[in-house]
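Chains as they are written, first to last, in our numbering: chain A, 1 to 420; chain B, 421 to 840. A short write-up of the structure that comes next.
Protein chains: 2
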Amino acid sequence: MIKVGIIGVGTVGASVVQILKDNQEIISARAGTEIVVKCGVVRDLSKDRGLDIALSDNINEILDDAQIDIVVELMGGVQEAFEVVKLALQKGKAVVTANKALLAYHRYELQELAADKAFEYEASVAGGIPIINALRDGLSANHIESIVGIMNGTCNYMLTKMIQDGVSFKDILKEAQELGYAEADPTFDIGGFDAAHKLLILASIAYGIDAKPEDILIEGIEHITQDDISFAKEFGYSIKLLAIARRMGDEVELRVHAALIDNSEMIAKIDGVMNGISVVGDKVGETLYYGAGAGGDATASAVVANLIDIARSGKSKPMLGFNKPLEGGLKLKPVEQMESKYYLRINVRDETGVLAKLTSIFADSKISIQTVLQRPSKDESANLLISTHQSCEKDIQSVIKQISQLDFVNSTPVMIRIKE
Amino acid sequence: MIKVGIIGVGTVGASVVQILKDNQEIISARAGTEIVVKCGVVRDLSKDRGLDIALSDNINEILDDAQIDIVVELMGGVQEAFEVVKLALQKGKAVVTANKALLAYHRYELQELAADKAFEYEASVAGGIPIINALRDGLSANHIESIVGIMNGTCNYMLTKMIQDGVSFKDILKEAQELGYAEADPTFDIGGFDAAHKLLILASIAYGIDAKPEDILIEGIEHITQDDISFAKEFGYSIKLLAIARRMGDEVELRVHAALIDNSEMIAKIDGVMNGISVVGDKVGETLYYGAGAGGDATASAVVANLIDIARSGKSKPMLGFNKPLEGGLKLKPVEQMESKYYLRINVRDETGVLAKLTSIFADSKISIQTVLQRPSKDESANLLISTHQSCEKDIQSVIKQISQLDFVNSTPVMIRIKE
Numbered sequence: 001m002i003k004v005g006i007i008g009v010g011t012v013g014a015s016v017v018q019i020l021k022d023n024q025e026i027i028s029a030r031a032g033t034e035i036v037v038k039c040g041v042v043r044d045l046s047k048d049r050g051l052d053i054a055l056s057d058n059i060n061e062i063l064d065d066a067q068i069d070i071v072v073e074l075m076g077g078v079q080e081a082f083e084v085v086k087l088a089l090q091k092g093k094a095v096v097t098a099n100k101a102l103l104a105y106h107r108y109e110l111q112e113l114a115a116d117k118a119f120e121y122e123a124s125v126a127g128g129i130p131i132i133n134a135l136r137d138g139l140s141a142n143h144i145e146s147i148v149g150i151m152n153g154t155c156n157y158m159l160t161k162m163i164q165d166g167v168s169f170k171d172i173l174k175e176a177q178e179l180g181y182a183e184a185d186p187t188f189d190i191g192g193f194d195a196a197h198k199l200l201i202l203a204s205i206a207y208g209i210d211a212k213p214e215d216i217l218i219e220g221i222e223h224i225t226q227d228d229i230s231f232a233k234e235f236g237y238s239i240k241l242l243a244i245a246r247r248m249g250d251e252v253e254l255r256v257h258a259a260l261i262d263n264s265e266m267i268a269k270i271d272g273v274m275n276g277i278s279v280v281g282d283k284v285g286e287t288l289y290y291g292a293g294a295g296g297d298a299t300a301s302a303v304v305a306n307l308i309d310i311a312r313s314g315k316s317k318p319m320l321g322f323n324k325p326l327e328g329g330l331k332l333k334p335v336e337q338m339e340s341k342y343y344l345r346i347n348v349r350d351e352t353g354v355l356a357k358l359t360s361i362f363a364d365s366k367i368s369i370q371t372v373l374q375r376p377s378k379d380e381s382a383n384l385l386i387s388t389h390q391s392c393e394k395d396i397q398s399v400i401k402q403i404s405q406l407d408f409v410n411s412t413p414v415m416i417r418i419k420e
Numbered sequence: 421m422i423k424v425g426i427i428g429v430g431t432v433g434a435s436v437v438q439i440l441k442d443n444q445e446i447i448s449a450r451a452g453t454e455i456v457v458k459c460g461v462v463r464d465l466s467k468d469r470g471l472d473i474a475l476s477d478n479i480n481e482i483l484d485d486a487q488i489d490i491v492v493e494l495m496g497g498v499q500e501a502f503e504v505v506k507l508a509l510q511k512g513k514a515v516v517t518a519n520k521a522l523l524a525y526h527r528y529e530l531q532e533l534a535a536d537k538a539f540e541y542e543a544s545v546a547g548g549i550p551i552i553n554a555l556r557d558g559l560s561a562n563h564i565e566s567i568v569g570i571m572n573g574t575c576n577y578m579l580t581k582m583i584q585d586g587v588s589f590k591d592i593l594k595e596a597q598e599l600g601y602a603e604a605d606p607t608f609d610i611g612g613f614d615a616a617h618k619l620l621i622l623a624s625i626a627y628g629i630d631a632k633p634e635d636i637l638i639e640g641i642e643h644i645t646q647d648d649i650s651f652a653k654e655f656g657y658s659i660k661l662l663a664i665a666r667r668m669g670d671e672v673e674l675r676v677h678a679a680l681i682d683n684s685e686m687i688a689k690i691d692g693v694m695n696g697i698s699v700v701g702d703k704v705g706e707t708l709y710y711g712a713g714a715g716g717d718a719t720a721s722a723v724v725a726n727l728i729d730i731a732r733s734g735k736s737k738p739m740l741g742f743n744k745p746l747e748g749g750l751k752l753k754p755v756e757q758m759e760s761k762y763y764l765r766i767n768v769r770d771e772t773g774v775l776a777k778l779t780s781i782f783a784d785s786k787i788s789i790q791t792v793l794q795r796p797s798k799d800e801s802a803n804l805l806i807s808t809h810q811s812c813e814k815d816i817q818s819v820i821k822q823i824s825q826l827d828f829v830n831s832t833p834v835m836i837r838i839k840e
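See below:
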């Protein structure tokens, strides 16, 4: 029998307890042994959680219990969780976590600490989709060329509704908050930080590359309007918040931002709160994984799968996919050297000569324009919607800066990258 | 160092050798050890395969070599492959196979023979998509409610082209054969048998249910015409060859047939030669896996992933997902008791009273009609395209039989099931 202690019994923790109870028979048959929760640790013991497990408000009840084989860390946060998980490993326990922030900051230290212990974290990326499993085991024969993921359900829900129902960002954010899809402070989701944490975890498995959230390009979806969506529709694009890891030579790009994606791509077809991750391997080609990226049961499904895996085989694979990092390794590509196609929305005073002046700035910076669309806006202004051919980030930022300073330009242009 | 012997060095075998060479460094870093091919066995030694491995035409060179740890079986066929794999296991070797026919017939015997040996077969279903991995490990916390897969690239390519380009079945079959997507004798693919073999493997992992191809409903795509496709387009459906496993109570449905699928479903969006498998778990909800289902490199990607997995952890999980089958277990649902919505194409002489007579047969059999579309056909005949509400297979078969016997009906009606 495998005994489990859960630290943090909120929505996901309660679902873990419930799944182990509901699916007890099939889980035992698959794991080859019974898996039981011996103790749950919570901050507030007075709250009735409707669960028939022993609860405590003292973490040491789990850490010091020699009978507990696996600690499930669901407390969230970074520093305290790191200390707790470290202690659990030192005390010889296996660890399962759903904590993406913990891993975004401490995964390499944890890999070292867990050298001879099982440490699993399937639930930390894309909830119930077994993407860690696929990337670390299923695609292990491949050099990974790229990972392109829709890994934040809140953003995908909002963008899908903006496209399908024509509502504004502000209105759909309010609705998402009322539905419980977005937090009261939605910054972590709509600013791209949640997706960035997940991307860093996947990038370590794919490339063995170390980076912190501070090191990579992270943009959100706050600037997207119906003008952008009408441009997208006109040219056969969808708009998604993408988390992208891409290898080019001995450099790896890591970036999170909104992107226009051709509607024919599979990743463009993932709508609503669902997540989807496209992984291209040098041998397997494109594979894609789709499912619920959040929610108690979907996330707990991944936690329990890790418990079953540890029950079956203990420590069976390197935590981040590599037993030893590759010599030399890959470097993070500086943001200003990244290349992309770009879309710019420029709000200008509607007067003669504006387009000529603007396009000459693009030409001087050697940025080649692909399409131009002019739409009337309010108050005698006009929106110029311009897309470019492949250009360098440094050059487009310079163009945006120059354009912002023109007297007939009403506000800083909005830029969205176009996925090739 | 892990030493491998490959029995059958055709397209996939050559790709396995090539991947182990091309990606040697990253594979060693992931496996924690080097994986080398010591010997390949082929039928015809005189053929130049351009590979720098030792070749033999004697299977015993692999089976009797105590240095070889893993036997990769890529010879195909059922009975001879079974004997070879059995011998390999008896001689203490781990086995990796891509042979779906072998598993469709002998997987439970193999699971017993491999009780204490690693036996892996990721490449046997959907080529490079790690679906065995996902189903057996990633979703192990779930009762599987359904598996709905597009698992034959030949059929999906042909149906996609028929829908997109309006070509006939006969013409697209010829094109697929010229492109190498279809065999000279295409029966195994277009008759649904290939998909059925794969379905049986997945059904064992999901449900622990034993069945042979002969036990389940297998239909192909040979009967599909542009009339059916125009109906599908009119009502927002796509047409796909689906392999379906579905649990209802203590029964499991297993069936392979063409189906009309609502265009909003993810599985309807998988086009061309690609494969996709939707798996619904009771806790995780719907997940979907997409990628190349065939081709040397994609299939070999899965074979090599299995080699890495065995190098990492040896025998770490039960071959078919269950350490012990569930007591009692689930039963195969008889075909005549299955339920579905149906579409019928009935070619009739274009004369008065025909529709009244036909619809009365439906009414007498208590089958409720959902839509009727009448289209002119050649030679003063008409095509009646009728879809029904949820009905029982026994009843629809009885209706088809009655309709076939009417004097104004020109040929046996064509039936396509509609996926709810």
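Even for Gly, the Cβ is constructed at its ideal location relative to N, Cα and C.
Residue B:A663 holds the alpha-carbon nearest to the alpha-carbon of G611 (chain B) among B:A663, B:S650 and B:I621.
Under the Cβ distance rule, S736 (chain B) counts among the residues neighbouring chain A, one pair being separated by less than 8 angstroms. A direct Cα-to-Cα measurement between A123 (chain A) and R837 (chain B) gives close to 37 angstroms. Counting along the chain, H617 (chain B) sits inside no beta strand (DSSP E); it lies in the alpha helix (DSSP H) bounded by residues F613 to Y627. Distance from the CA of A195 (chain A) to the CA of M151 (chain A), rounded to the nearest whole angstrom, comes to 6 angstroms. Sequence-distant partners of V335 (chain A) (beyond 5 residues in either direction) whose C-beta falls short of 7 angstroms from its own C-beta, in its chain, are L217 and E393. N60 (chain A) carries a helical assignment under DSSP once its states are collapsed to helix, strand and coil.
Inclusion of G285 (chain A) and A14 (chain A) in the CB contact set at 8 angstroms is not warranted, their separation being larger than that value. According to DSSP, P376 (chain A) shares a beta bridge with A:A382. By the C-beta criterion, the region 490 to 498 of chain B is judged to be in contact with the region 423 to 433 of chain B, since at least 3 inter-stretch pairs fall below 8 angstroms. Flagged as an interface residue toward chain A: R450 (chain B), by a C-beta distance shorter than 8 angstroms. By the neighbour-count criterion, in which 16 or more other beta carbons inside 10 Å mark a residue as buried, E634 (chain B) falls on the exposed side.
Rounded to the nearest angstrom, the Cβ distance from E639 (chain B) to A678 (chain B) is 7 angstroms, consistent with a contact under 8 angstroms. Pairwise C-beta distances place the region 340 to 350 of chain A out of contact with the region 54 to 66 of chain A, as fewer than three of them are shorter than 8 angstroms. Taking the C-beta atoms as reference points, I59 (chain A) is found no nearer than 8 angstroms to V4 (chain A). Closer than 8 angstroms to the CB of Y709 (chain B) there is at least one CB belonging to chain A.
The C-beta distance from I19 (chain A) to A561 (chain B) rounds to 5 angstroms, short enough to meet the 8 angstroms contact threshold.
Interface annotation for the region 672 to 706 of chain B against chain A: M686, K689, G701, K703, V704, G705 and E706, criterion Cβ-Cβ distance under 7 angstroms. With distances taken between CA atoms, D647 (chain B) lies nearest to B:F589 out of B:I697, B:D605, B:F589 and B:L674. When DSSP reads this structure, D262 (chain A) sits in a beta bridge with A:Y237.
Within 10 angstroms of the beta-carbon of G773 (chain B) lie fewer than 16 other beta-carbons, which makes it exposed. Collapsing the DSSP output to three states places Q370 (chain A) in a strand. The C-beta of R795 (chain B) has fewer than 16 other C-beta atoms within 10 Å across all chains shown, which makes the residue exposed.
Between the C-alpha atoms of V12 (chain A) and H143 (chain A) there is a straight-line separation of about 34 angstroms. Chain order gives no chain A residues near G433 (chain B), where near means a beta carbon separation below 9 angstroms; the closest approach is about 14 angstroms. The beta carbon of K117 (chain A) lies closer than 8 angstroms to those of L89, G92, K93, A94, V95 and K315 in the same chain, with the five residues before and after it left out. At a cut-off of 8 angstroms, the C-beta of I439 (chain B) has a neighbouring C-beta in chain A. Taking C-beta atoms as the reference points, S807 (chain B) and I787 (chain B) fail to come closer than 8 angstroms.
The criterion of a C-beta distance shorter than 8 angstroms is not satisfied by H809 (chain B) and Q822 (chain B). Between Y157 (chain A) and G291 (chain A), the CB-CB gap reaches or exceeds 8 angstroms. About 15 angstroms separates the beta carbons of I567 (chain B) and I681 (chain B), which is beyond the 8 angstroms limit, so they are not a contact pair. Taking all protein chains shown into account, T574 (chain B) has 16 or more neighbouring C-beta atoms within 10 Å of its C-beta and is therefore buried. The straight-line gap separating the alpha-carbon atoms of I221 (chain A) and T412 (chain A) is approximately 16 angstroms.
Taking one beta carbon from each stretch, the region 303 to 322 of chain A and the region 724 to 740 of chain B have 3 or more pairs nearer than 8 angstroms; the two touch. DSSP assignment within the region 663 to 745 of chain B yields the following whole alpha helix (DSSP H) runs of 4 residues or more, N-terminal first: 716 to 733. Per the C-alpha coordinates, the member of B:V492, B:A518, B:D472 and B:M421 positioned closest to A714 (chain B) is B:A518.
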